[in-house]
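Below is one structure, written out as structure tokens; the observations come after it.
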Amino acid sequence: MELRVFVPGELRNQFKGVCATQGLTMSHVITELMQNYVEQQRENKDK
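Written out as structure tokens, the structure reads:
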């Protein structure tokens with residue numbers, strides 16, 4: 399599935415560079431961030 403988001407150009411460039419340094423795609427890292435966020439919100443809701 400495709401998701402379009404708008405971020406400042408400089409942030410995108412920095413993020414892309416960090417991902418590349420780690421040998422990861424931006425999509426992979428964003429997917430992990432989203433999964434972690436959803437899990438945290440579920441945990442907070444259960445408290």
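In terms of the numbering used here, the sequence shown opens at residue 399 and continues consecutively. C-beta atoms are modelled at their ideal positions from N, C-alpha and C, and glycine is treated no differently.
Query, Result
"Three-state secondary structure assigned by DSSP to Glu400", "coil"
"For Lys445, the three-state DSSP class (helix, strand or coil)", "coil"
"Gly407 in three-state terms, based on DSSP", "helix"
"Alpha-carbon spacing of Asn411 relative to Leu401, whole angstroms", "18 Å"
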